[in-house]
Amino acid sequence: MTAAATTGGGTLTEAAFGKISALAKAEAGLVLPTTKLTMVQSRLRHRMSALGLPTYNDYVEFVTSQKGAEERRHMISALTTNVSHFFRENHHFEIFRDRALPLLMAKSRAGHPVRIWSAGCSSGQEPYSIAMTIQEAAPELAARDVLILASDIDPNILDKAEAGIYSEQQINGIPPEMRKKYLRPSGNGLQIDTGLKRMIRFRELNLLRDWPMRNKFDAIFCRNVVIYFDAPTQDTLWPRFENALAPEGWFFLGHSERVSDAAATRFTSVGMTAYRTKPGAEAPTTKVKEA
Ligand SMILES: C[S@@+](CC[C@H](N)C(=O)[O-])C[C@H]1O[C@@H](n2cnc3c(N)ncnc32)[C@H](O)[C@@H]1O
């Protein structure tokens, strides 16, 4: 394909695409090969209309300028892929329920808080699936000191996550008995029960930047996120995830993601794309670029 596509907003040339692609990589770690030119063009068209910019070159000039800082957030929001499902890759929820929760229950009974992180939570199906799993399998834990941090780089998708309203089709993955308990009719959709929401805190967070959380997590779900990053970017994240986890903490990745061979020595595999950190290991620290 010739890497330029024409629209009402002019032509996204290969050169302009290259600048968008470099910016997406620098801002969010996203890798956009030229095969994505048409997709990028169609996703940025809305941003051009919103800003009243007639051509892609005008858009590129603006978004790469000093004045374009806020637009860079919108651009990243437009370029991220937000597909998610309830109980996606269900084997992770089974491991979490059958193996992690009994240990976390004991930890909670001993008076310690339990912290879980859904990193790259998109529209919320992942943290709500975690919360439903806890409420179903360990209601005593749900009533104690348990919190799920649900973070994403995309502020627009986080608003949807926090609203927690889904269509009939979107709730397909939720078992019928759980649908009855945790969903209420709301307008044209179904809304997540407020009791379940109490377990979750939604926050905007770019995985490439500083992570302000100081407490360790008992489990991290970062699934179908690092697949959009290249290997060097992924390699900066493995030790950071390891350091963010408590010893023997649980770490879940998406089905086509793997910790690198170098990092794998510091994790124990406990199932398909499911890991635990080794007891007491400290990962080498990596310097994080300031936002
Ligand atoms: C395909 S969704 C995955 C959702 C969920 N984890 C799942 O597996 O169903 C990927 C999410 O990662 C987020 N994301 C991409 N780059 C990110 C970054 N640098 N920091 C934080 N989140 C990022 C996107 O905004 C998107 O919502």
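Just so you know, our numbering puts the end of the sequence shown at 292, numbered straight through with nothing missing.
Glycine included, each C-beta is placed from N, C-alpha and C at the ideal position.
Predicted, not measured: the structure shown is a model, and the values here were computed from it.
Coarse secondary structure for residue i, derived from DSSP in three states
i	result
Ile219	First, the residue type needs correcting, since residue 219 is Asp and not Ile in the sequence shown. The answer is strand: DSSP assigns Asp219 an E or B state.
Phe242	helix
Ala275	strand
Glu249	strand
Ile96	helix
Glu90	coil
Thr14	coil
Gly281	coil
Gly190	strand
Glu62	helix
Thr269	strand
Ala292	Here Ala292 scores only 40 on pLDDT, less than 50, and its place in the model should not be relied on; the value that follows carries that caveat. Coil at Ala292, not helix or strand.
Gly19	helix
Thr111	In the sequence as presented, Thr is not what sits at residue 111; that position holds Ala. Coil, per DSSP.
Ile154	coil
Val41	helix
Val147	strand
Distance between beta carbons of residue j and residue i, contact taken as under 8 Å
i	j	result
Arg145	Ser119	Not confirmed; about 19 Å, so no contact.
Met200	Ala247	Not quite, the Cβ-Cβ distance comes to about 18 Å (not below 8 Å), so this is no contact.
Ile158	Phe87	Ile158 to Phe87, Cβ: 15 Å. No contact.
Beta-carbon spacing of residue i, residue j below 8 Å
i	j	result
Ile96	Gly272	yes
Ala264	His93	no
Ile154	Glu205	yes
Phe242	Phe252	yes
Ile131	Ile149	yes
Arg44	Ala79	yes
Leu197	Met133	yes
Pro1	Cys122	The structure shown does not extend to residue 1, since the chain spans only 2 to 292, so no value can be given for it.
Ala139	Leu104	no
Lys181	Gly125	no
Thr60	Arg48	Note that residue 60 is Tyr in the sequence shown, not Thr. Cβ atoms of Tyr60 and Arg48: closer than 8 Å.
Gly250	Asn225	no
Exercise. Flag this pair as touching only if the segment 218 to 231 and the segment 103 to 117 have three or more C-beta atom pairs under 8 Å; answer yes or no.
Key: yes
Practice problem: Could you say if the segment 190 to 204 and the segment 156 to 174 meet the contact criterion of at least three C-beta pairs nearer than 8 Å? | Solution: yes
Quiz item: Do the segment 15 to 34 and the segment 59 to 72 touch if we need at least three Cβ pairs shorter than 8 Å?
Solution: yes
Self-check item: the segment 28 to 45 in contact with the segment 226 to 239 per 3-pair CB rule at 8 Å
Solution: yes
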